[in-house]
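Below is one structure, written out as structure tokens; comments come after it.
Residue numbers (mature numbering (1 follows the signal peptide of the UniProt record, and there is no 0)): -21 to -1, 1 to 422.
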């Protein structure tokens, strides 16, 4: 009866706190504006957007306006003959406007495509950071809840074992029990005191991690309770999830884009030896002061031209060949990375899929174990009262009951987290998945 009263009190406490509790969705929303990692990823994406613009600029005309002014003095001293020394000085100034439009530049075409793919990669990396934030918040949130409930269960167990210790001492005093029962109860109680210290320390660590991630305190968080009704993944077919992961995993997509970028690097260096053709137009004016002009006044000269400019690289000193070999090696390296990532994603998908199914089965099994443990505890207490069980039997039954209760709590959190991991491995993890998990929380 006392055990049931304690459990009812703990449940009512959780319900009363849940009325004002911060839930998982609110924690994620807070982290989205507080977390430094997601902020850095957002700025990286903004920077990455500029790559595409830079690529477009490589194919657009370049216009240059330049001006000049100079003061000149010329002295002439003839070596022989009737000529006399002369001296002239004056100012010259002018300006020129030129424009060059690339017509054929293979290197620029490859570089522009490469920069566009770098923008695509920046977008994928930000989406990965968004998914990572959901997973980090969920993991931190569930770990904190587990730590909080661990403390509550240890304290409830301490109270229950304390009652057994008092009962054992009283029974020994009246001669109906041995000192062994008292010693066992005392040892169990001391062990729980040590476990409480560990649980409180772990709670402090998990609380700090949650605050650093979200900027929130942990005083009132929505808990799961007994509302989780485990279900298998939809579809409940590993091959379907593996196909999703192969096609849509952000890790795979990002690494494939990196491979494309490495390929364009090879194209760039191959194109270094290719001819280039530009359309170039120019116009300018120059003025020569009276001291230097032929007319004795200020002379003006205007010039303009439109031309096709063809350039053919002949020899680059070996630089192009070396960079081409380097780019080829880096592409081969990235190709291996793509395959390694594909295998990692496949393994992670399998693990998450099996984790959801195993988690659902484990929850159902532990629910049955909890019922059995509760019955065993009740029968052990009754058996002690009639003399067929000892205090040691009761203590063992209590230990099993509270251990099973904690295992069930952890199994529920692990199951929900595995569902999020499975969605992430398939590249589908988004706010909707967090909302679905959040609906299981007591608010």
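The C-beta atom is built at its ideal place from N, Cα and C for all residues, glycine as well.
In the DSSP assignment, residue 79 forms a beta bridge with 41, 259.
By the neighbour-count criterion, in which a residue is buried when 16 or more other Cβ atoms sit within 10 angstroms of its Cβ, residue 284 is exposed. Bridge pairing for residue 288: 257 [DSSP].
Taking residue 76 as the centre and dropping the five residues before and after it, the same chain places the C-beta of 44, 262 closer than 6 Å to its C-beta, in chain order. Residue nearest to residue 9 within the set 193, 166, 364 is 193 (criterion: CA-CA distance). Comparing alpha carbon positions, the residue from 381, 319, 320, 240 closest to residue 99 is 240. In this chain, the alpha helix (DSSP H) harbouring residue 102 covers 85 to 152.
In this structure, the CA atom of residue 388 is about 21 Å from the CA atom of residue 7. Within the same chain, 122, 123, 126 come within 6 Å of residue 185 by CB-CB distance, once the 5 residues on both sides are set aside. Listed in chain order, the non-local C-beta contacts of residue 89 below 6 Å within the same chain comprise 243, 246, 247, 250, local neighbours out to five positions each way being set aside. The residue among 278, 316, 302 with its C-alpha nearest the C-alpha of residue 238 is 316. Taking a C-beta distance under 8 Å as the contact criterion, residue 399 and residue 176 do not qualify as a contact pair. In the structure shown, the three-state DSSP call for residue 281 is strand.
With the rule of 3 Cβ pairs closer than 8 Å, the region 363 to 380 does not count as touching the region 399 to 415. Across the structure, residue 36 and residue 24 are spaced so that their CA atoms are roughly 19 Å apart. Judged by DSSP in its simplified three-state form, residue 228 adopts coil rather than helix or strand. A contact between stretches requires three or more CB pairs, one per stretch, nearer than 8 Å, and the region 322 to 332 meets this requirement with the region 223 to 231. Take the alpha-carbon of residue 258 and the one of residue 22: they are about 38 Å apart. Residue state for residue 67 is assigned as strand, using DSSP reduced to three classes. Per DSSP, the beta-bridge partners of residue 52 are 68. The alpha-carbon separation between residue 210 and residue 335 amounts to approximately 8 Å.
Annotation for residue 373: the continuous alpha helix (DSSP H) segment containing it runs 370 to 404.
Excluding its 5 nearest sequence neighbours in each direction, residue 343 has C-beta neighbours in its own chain below 7 Å: 209, listed in chain order. The residue from 116, 348, 296, 409 with its alpha-carbon nearest to that of residue 229 is 409. No Cβ-Cβ contact shorter than 8 Å links residue 207 with residue 167.
Rounded to the nearest angstrom, the Cβ distance from residue 115 to residue 255 is 49 Å, too far for a contact under 8 Å. Setting aside the 5 residues that flank it on each side, residue 360 is surrounded in the same chain by 373, each with a C-beta closer than 7 Å to its C-beta; the list follows chain order.
Within the same chain, Cβ atoms closer than 7 Å to the Cβ of residue 383 are found at 345, 348, 349, 352, the five residues on either side in sequence being excluded.
Annotation: residue 30 to residue 233 spans about 16 Å, alpha carbon to alpha carbon. When rounded, the separation of the alpha-carbon atoms in residue 203 and residue 395 is 10 Å. Membership of residue 356 in the alpha helix (DSSP H) is indicated by the continuous run 298 to 365. Take residue 356, set aside five residues on each side of it, and the residues of its chain with a beta-carbon closer than 7 Å to its own are -19, 376, 377, 380, in chain order.
Judged by DSSP secondary structure, residue 194 falls outside any alpha helix (DSSP H); it is assigned neither H nor E. In this chain, the alpha helix (DSSP H) harbouring residue 415 covers 410 to 417. Around the beta-carbon of residue 385, 16 or more other beta-carbon atoms lie within 10 Å, marking it buried.
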